[in-house]
Structures are given as C-alpha cells and as structure tokens.
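Going from the sequence shown to my numbering is simple: count from 1 and add 144.
Built from N, CA and C at the ideal position, the CB exists for glycine as well.
Quick caveat, the model's predicted, so the values are computed rather than measured.
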Amino acid sequence: MRAIEITEPGGPEVLAWHEVPEPRVERGDVLIDVAASAVNRADVLQRNGFYDPPPGTPPYPGLEVSGVVAEVGADVEQFKVGDEVCALLAGGGYAERVAVPWQQVLPVPDGVPLKVAAGLPEAACTVWSNVFMVGRLRRGETLLVHGGASGVGTFAVQLAKALGSHVVATVGTAEKAEQVRRLGADEVVNYREEDFAEKVKADVILDIMGARYLAGNVRALLTGGRLVIIGMQGGRKAELDIGALLAKRAAVHGTTLRARPVEEKGVIVRSVVDNVWPLVAAGAVRPVVYAEVPMSEAAEAHRMLDSGQHVGKILLVR
Numbered sequence: 145m146r147a148i149e150i151t152e153p154g155g156p157e158v159l160a161w162h163e164v165p166e167p168r169v170e171r172g173d174v175l176i177d178v179a180a181s182a183v184n185r186a187d188v189l190q191r192n193g194f195y196d197p198p199p200g201t202p203p204y205p206g207l208e209v210s211g212v213v214a215e216v217g218a219d220v221e222q223f224k225v226g227d228e229v230c231a232l233l234a235g236g237g238y239a240e241r242v243a244v245p246w247q248q249v250l251p252v253p254d255g256v257p258l259k260v261a262a263g264l265p266e267a268a269c270t271v272w273s274n275v276f277m278v279g280r281l282r283r284g285e286t287l288l289v290h291g292g293a294s295g296v297g298t299f300a301v302q303l304a305k306a307l308g309s310h311v312v313a314t315v316g317t318a319e320k321a322e323q324v325r326r327l328g329a330d331e332v333v334n335y336r337e338e339d340f341a342e343k344v345k346a347d348v349i350l351d352i353m354g355a356r357y358l359a360g361n362v363r364a365l366l367t368g369g370r371l372v373i374i375g376m377q378g379g380r381k382a383e384l385d386i387g388a389l390l391a392k393r394a395a396v397h398g399t400t401l402r403a404r405p406v407e408e409k410g411v412i413v414r415s416v417v418d419n420v421w422p423l424v425a426a427g428a429v430r431p432v433v434y435a436e437v438p439m440s441e442a443a444e445a446h447r448m449l450d451s452g453q454h455v456g457k458i459l460l461v462r
C-alpha cells in the first residue's frame, strides 16, 4: 500500500507518498480501507521530530480516519466487513489502509458523508473527554475555548452550546470571529487586541496554549473553576500562583489522548457514540471542513495548517 512517510524532521516538504508494508491485523483489530484522514497539530509536531508515535504504532502521521471495514480480527464481533466507520488512531492515518483496535472504531453518524467523517473522531473524543468527562461542564455554566476556529475549537463551541452552556471563544481575526459566532459562540475575544482574562470569567477553560496563558487562565476562572490544558503551543513552563488557585478552589488538569491505553480510549469512544453522535446526526453539531486535499499532497495540507488561516478541519482524501 501507499502512505505518507516523514523522510526527515522538517517542513511540509519532508512528507512523501511512498510504498510501505501492509498493516498486520491482530485478533482485536479492524482493518479499514481509508477514504480520508485529517490534519491535526500533533501531526505537525511529529513532522518536526517532536512527537514520536507510541511504541508499536505505524510511523506515518494521522490520528483519525474514515473508511470501509475490509477485514476484522478473530475476536471482533462489533464490526463487519463493509461497515462504514471512522476511527481514533495513535498514528498511521495518512495511508491507504490502517489496522485499529476495535475499541477505537466508531460508526459514521447518520447524515455525515463518509469522507467528512474523517474530521470527527479526534475533535469529538478530545472535546468530550476533556470538557465534559474531566472538566465536568454542566448546563448553564460558561466554557472558554482557546483557539475557537481550530478543528477542536469549532467542535467544542458547537457541542457546549448544544448542551446548554454559555460559550466564549478566543480567535485571532475578525473573519474567524464571525465564523465562530455563526457556530454558536455567545462571545468572541480577539486575543491580538484584547486580554481575555479581563473580559471573561469561566467555569471551564479548554486551553491549547499552556505556559503563555497559565496566569491569565487562572485569573479567568470562576470559583470552583476547572482549567483543562491539552496543548503547549505557548510553551511548557510557567509560574503558577497557587494562592490564586486556592482562593478560587479551582483545579488545573493536564491531559493527552494519543498515548492512553486502548481500554481508556475505548471508554471515551463509547461515551462519544452514546452522547455526541446523536447530536451530530440531528445536525446540532456538525463537522466544519475548511478544505479537502488529495492524501498524496499532504505537504500542501500541512502548509495550510501552518499558515493559521483555516477554520475547522483540513481533510486528506483518497
């Protein structure tokens, strides 16, 4: 089969469409003929040599796919050949086929085109596990989403709004602000022009920035608030005012999804199918697709992501 290999750490030009070995299907695996994958920030980190896939994972980038089941392992009863599915991966999605533990496979939600479904698993599982399972966001509370125009951000805005929360998002341009408002954001803060910590008070904050935003995030938390950090685009290390945290009886959580055991991912995936997929099928939450790029031209898709101009997901289609 063919897949996108990272020939050496570097820019988008190091991504090459090569012949590679076929995946092995273990007893608990589902083999998927890939219709599409999607580009995530983790793929860029891997391309740059900073985020190796977990041991035993294919070396190709790609944390999510959609496609058709081509084969199932001996112990798999939940899926059958011919099913249209999408899947959460630890890696290997930029390829013609991928073998995935069945626990990480999801049915394509009703009404979502097969290729578009490739943009759902990573965002849905990230948002549901962090905002609702860890952050415990409840109806009527306020969620602050940093990077509201990203794939995760656009999904978080819609899902929190659909479940009855007041939603605030940060963005970098007026054009993105308008698009995020159309997705349901009640307030939008342009981080280039305004200090979000002066304008926003939130019960839950979903943060992709890390160090640079830590102090502001603590200031923005309400009493009993929960800060959930899922990225380090703004650095790894910062000073934490423990006194401010204690005074607010607040909590700071740091989480990742990629390296979790299959069983933990399976719990998240099943919860997403039960709680999120009905909202997607009903149209209350929809995948936001910025562009579809041929998988063999993954370098161009990475250039789009690197530019920061996109809103929503960039798909790699076959």
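If you reduce the DSSP assignment to three classes, tell me which class L189 lands in. helix
Item to complete: Pick helix, strand or coil for K224, following the three-state DSSP scheme.
Response: coil
When the Cα of L207 is compared with those of D385, V344, G398 and R404, which residue comes out closest?
R404
Three or more beta-carbon pairs under 8 Å between the segment 306 to 316 and the segment 284 to 295, yes or no?
-> yes
- Item | Reference I374, options R326, G279 and H446, closest by Cα | G279
Taking A346 as the reference, give the member of D339, E322 and L371 with the closest Cα. L371
If V333 and K343 are in contact, beta carbons under 8 Å, what's the gap, nearest whole angstrom?
6 Å
Item checked: Helix, strand or coil at P405 according to DSSP, with G and I counted as helix -> coil
Tell me which residue opens and which closes the alpha helix (DSSP H) that W421 is part of.
W421 to A425
Along the chain, where does the alpha helix (DSSP H) that runs through E266 open and close? P265 to V271
Subject >> Y357 versus G369 - alpha carbon distance >> reply: 16 Å
* Count the other C-beta atoms from every protein chain shown that fall within 10 angstroms of the C-beta of A160, then say buried if there are 16 or more, exposed otherwise. => exposed
Could you tell me how far apart the beta carbons of G263 and L459 are, in whole angstroms, since I believe they sit closer than 8 Å? 6 Å
Note to self: Give me the residue from E266, K224, G154 and G398 with the minimum Cα distance to A355.
What the structure shows: G398
- Of the choices L250, P257 and K259, whose alpha-carbon is the least far from that of C269? L250
Cα-Cα separation, P438 to A391:
52 Å
* To do: Within its chain, find whatever has a CB closer than 6 Å to the CB of L423; leave out the 5 residues flanking it on each side and keep chain order.
  => A306 and V429
What separation, rounded to the nearest whole angstrom, lies between the Cα atoms of A364 and I352? 15 Å
Using 10 angstroms around the beta-carbon of A88, count the other beta-carbons present and answer buried if the total reaches 16, otherwise exposed.
-> Nothing in the structure corresponds to residue 88, since the chain is present only between 145 and 462.
Min CB distance V183 to chain C below 8 Å
In the structure shown, chain C does not exist; there is a single protein chain.
#### Entry: I349 to G255 span [Cα, whole Å]
31 Å
Review point. How about M145 and E266: are their beta carbons less than 8 Å apart?
Key: no
Exercise for the section: In angstroms with no decimal places, state the Cα-to-Cα distance between N361 and A341. Expected result: 7 Å
Note to self: Need the endpoints of the alpha helix (DSSP H) that V296 sits in, please.
What the structure shows: G295 to A306
query = In this structure, does DSSP put D254 in helix, strand or coil?
reply = coil
Item to check | Presumed contact (8 Å Cβ cut-off) between Q190 and I148, rounded CB distance | outcome: With 8 Å as the limit, Q190 and I148 do not qualify as a contact, their Cβ atoms being about 11 Å apart.
Are there 16 or more other CB atoms within 10 angstroms of the CB of D196, so buried, or fewer, so exposed? exposed
Distance, Y434 Cα to L401 Cα:
24 Å
For R146, which of helix, strand or coil comes out of DSSP?
strand
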